[in-house]
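Have a look at the structure below before the remarks.
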Amino acid sequence: MGRPITGTVIEKTYRPPPGAPAKYWCYLMVETAAGERVNVRLHQKVHDRITVGDRVQLEQPWRKNKRVEDVRVVRG
196 MGRPITGTVI EKTYRPPPGA PAKYWCYLMV ETAAGERVNV RLHQKVHDRI
246 TVGDRVQLEQ PWRKNKRVED VRVVRG
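Our numbering runs 195 ahead of the 1-based position in the sequence shown.
In structure tokens, the structure reads:
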């Protein structure tokens, strides 16, 4: 289990290694209400649902490069 995070997506980048598909290497920079910025790697199933400016709720994994699959877009 990781740490629950709720915040706004401020950046979405693709950083694949040479020769790898970009969808496997999508990263989100999320800013929480406390002003903390968290960088998480997204699972390929959810990378196209999330855009910059969305409020998201997710669990930050303990392992640095583990992909996050359970991401919810929070409305309102």
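Yeah, the Cβ is synthetic: ideal placement off N, Cα and C, and Gly gets one too.
What you are looking at is a predicted structure, and each value in this text was computed from that prediction instead of being measured.
Residue burial classification, residue i (beta-carbon count within 10 angstroms, cutoff 16)
i      : result
Val214 : The sequence shown places Gly at residue 214, not Val. So Gly214 ends up on the exposed side.
Gly202 : buried
Val247 : exposed
Contacting residues, own chain, Cβ-Cβ under 6 Å from residue i (five flanking each side not counted)
i      : result
Asp249 : Val204 and Val268
Residues of its chain near residue i, where Cβ-Cβ distance is below 8 Å and the 5 sequence neighbours each way are ignored
i      : result
Thr227 : Ile200, Thr201, Gly202 and Val233
Asn260 : Arg236
Which residues DSSP lists as bridging residue i, in chain order
i      : result
Asn260 : According to DSSP, Asn260 bridges with nothing at all.
Tyr222 : Thr208 and Arg236
Glu254 : Pro199
Beta carbon of residue i nearer than 7 Å to that of residue j
i      : j      : result
His238 : Glu206 : no
Gln273 : Gly197 : Because the chain is modelled from 196 through 271, residue 273 falls outside the range shown and cannot be assessed.
Contacts around residue i, its chain only, beta-carbon distance under 7 Å, and the 5 residues preceding and following it disregarded
i      : result
Val241 : Glu264 and Val266
Lys218 : Gln239 and His242
Arg210 : Trp220 and Tyr222
Trp257 : Gly197
Thr208 : Tyr222
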